[in-house]
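Residue numbers (my numbering), protein chains in the order written: chain R, 14 to 274; chain L, 514 to 785.
The C-beta atom is built at its ideal place from N, Cα and C for all residues, glycine as well.
Right, one structure below, let's go through it.
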Amino acid sequence: MARPRIVVRDLVKTFREDGREVPAVADVSFEVLDGEFVALVGPSGCGKSTILNMIGGLVAPSAGTVAIDGRPVAGLPRGVGYVFQKDTVFPWRTVARNIAVGLEYHGVAGSERARRVREAVTLAGLDGFEDAFPATLSGGMRQRVALMRTLVVDPEILLMDEPFGALDTHTKINLHGELLRLWEGRRQTVVFVTHDLSEAITLADRVVVMTRRPGRVKLIHRVALPRPRDVIKLRATDEYAREYGEIWHVLGQEFSPAETA
Amino acid sequence: MSGERARILAWQLAILVVLLAAWEWLTGIKAVSRTPGLYWIDPFFISRPSAILQRFVYLSSGQVRLTLWQMALSTVQSTLWGFLVGVSTGFVAGLVLGRNDRLARIFEPYIVAFNSLPRIALVPLITMMFGFGLVAKIVLAWTIVFFIVFFNTFQGARGVDADLIHSARFLGAGERQIMRTVIVPSALAWTFASLTPSISFALIGVVVGEFLGGESGGGLGYLIIQSLGTLNAADMMVALVTLGVIGIVMALGIKQLETRLLRWRPEYRKRT
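Rendered as structure tokens:
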């Protein structure tokens, strides 16, 4: 039995808006086991990104706790990689120097750094673009740089906030394949936030389904699809359709017009 | 494309030639008046191209105490110094205040007050303090360039994307590394964009300083004021044309530098 690496307990977050307390996250609890890929899905504004930010130490909880490896999170935890939805690649650095920046911070220098950057560039399929500036790349390539930049410092825990949210479907599915390939090599512990249910099912071992704001855990669903997964063929299988149907049945209530009145 | 460029260049040259010819010709026509020596357009006030060329040759020769080249060099030197000192101090001040809200609030009224002061009003004071030489000109250029660079850098340092800082932190950056790899490059993008106006304003500051600077300060501004004293329009035109050329060359040089430094920005890539 794998040990839990991330433990979220009774997490509550309220924001102040125009002098009023607005609850964003209400009593959320779940665990992420070592090497597990967990997706957090829910309608927009359900607080799933806020939960991720609390795990990453970017936002302090109003109540409840987040612990990584048994230690409560206070400030940015070590050994955690974070991939933002927004483009956070440094525009003034070339692809290679963007990927190298984390190694630079960790004091990895010289030929060791060059070797690891070269490997990462090849892994991400960015050969030939080493000296290109981000502004000349497509959104998908930029997000690949962001992903490789995070992975190259070898974090054991990976927090991803809708990293492919701004990409077109085709690019997105390609990147799902690449992410899974990279993940299967290292088996990081992943929390992946998305509002796209098919993305969650394609990638995750378990899907945490959230309610509308204030976000609560509606359902925790284990995805019974074997690995390694072929992200394209997967979508045509009955198992995939069944998983989708089961979760949509629950998640769909959160989107239904009767309840949003 | 290159055919189009050649055509535009040909037009530009043609306009120059026509203007010079018209100037030369019109200032040669005597007015239809009984008064002798009266011109339609009097070369006494605006001189003529041929006279300007003559004075140009004379002023650049060794026959004068202070040649045109020495004066031009003095102007260029002071401008570059004022530019360098202004850019570096403006950058540091912008970075420090841009990243420190309290300091920014404390200094705000002083900066706004000093910046609202017309810099030309400072010329006599600066001359009193620093004399008639090179230093006074540099100080005057500095008082202008500093603020241009300061306000730009300040904006840049203040507007650094918080998510870029977070992502650097997640990649393991310490505070100094964040300063060096995120905040300084972000702010520099704004600083670089202010270099071209800065060099032009540095030149303005220097020339104004030279108006008052006297012979020891030298410079083309001195030549202009001297020509005013002797009512010599040709010499004045020589100084103005030389200043124009210096201004264009320096602005183009800095623009090149700016384009090179900001080549990662999409809006600068298309121009290369």
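1) Among TRP538/L, GLY687/L and VAL720/L, whose alpha-carbon lies nearest the alpha-carbon of LEU593/L?
2) Just the C-alpha distance for ILE737/L and PHE557/L, rounded to the nearest angstrom, thanks.
3) Find the nearest neighbour of ALA87/R within the set GLN98/R, ILE19/R, VAL72/R and ASP100/R, judged by alpha-carbon distance.
4) Of all Cβ atoms in chain L, is any one closer than 9 angstroms to the Cβ of ALA148/R?
5) Using 9 angstroms as the limit for Cβ to Cβ distance, is TRP196/R near chain L?
6) Please classify ALA675/L: is it buried, with 16 or more other beta-carbons within 10 angstroms of its beta-carbon, or exposed?
7) Measure the alpha-carbon distance for ILE267/R versus GLU30/R and round it to whole angstroms.
8) Closer than 9 angstroms, CB to CB, is SER680/L near chain R or not?
9) I need the straight-line Cα distance from ALA237/R to GLU259/R, nearest angstrom please.
10) Could you check where the beta strand (DSSP E) with VAL45/R kicks off and where it finishes?
11) Would you mind telling me which residues of chain R sit closer than 8 angstroms to TRP703/L, beta carbon to beta carbon, in chain order?
12) For SER57/R, count neighbouring Cβ atoms within 10 angstroms of its own Cβ and tell me buried if that reaches 16, exposed if not.
13) Can you list the residues of chain R that GLN690/L reaches, using a CB-CB cut of under 7 angstroms?
14) Kindly list the residues whose CB is nearer than 6 angstroms to the CB of LEU774/L, restricted to its own chain and excluding five residues on each side of it in sequence; keep chain order.
15) Going along chain L, which residues have a C-beta under 8 angstroms from PRO104/R?
16) Is the region 28-42 of chain R touching the region 82-100 of chain R in the sense that three or more CB pairs, one from each, lie closer than 8 angstroms?
17) Report yes if the C-beta distance between SER75/R and THR27/R is below 9 angstroms; otherwise report no.
18) For the alpha helix (DSSP H) holding HIS262/R, just list the boundary residues, first then last.
19) Whose Cβ in chain L lies nearer than 8 angstroms to the Cβ of LEU71/R?
20) Against LYS185/R, what residues of chain L qualify as contacts under a CB-to-CB distance less than 7 angstroms, listed in chain order?
21) Using a Cβ-Cβ cut-off of 8 angstroms (strictly less than) and excluding sequence neighbours within five positions of GLU197/R, which residues of its own chain qualify?
22) Throw me the rounded Cβ distance for the ALA639/L and SER711/L pair, which I believe falls under 8 angstroms.
Quick look at the numbers:
1) VAL720/L
2) 15 angstroms
3) VAL72/R
4) yes
5) no
6) exposed
7) Correcting the residue identity first, residue 267/R is Glu in this sequence and not Ile. Whole-angstrom Cα-Cα distance: 24 angstroms.
8) yes
9) 12 angstroms
10) 33-46
11) Chain R residues near TRP703/L: none, gap ~12 angstroms exceeds 8 angstroms.
12) exposed
13) TYR118
14) PHE705
15) TRP777 and ARG778
16) no
17) yes
18) 251-268
19) HIS679
20) Correct list: empty, because the minimum Cβ distance to chain L is about 21 angstroms.
21) ARG240 and PRO241
22) Note that residue 639/L is Ile in the sequence shown, not Ala. Actually they are not in contact, since the Cβ atoms of ILE639/L and SER711/L sit about 19 angstroms apart, beyond 8 angstroms.
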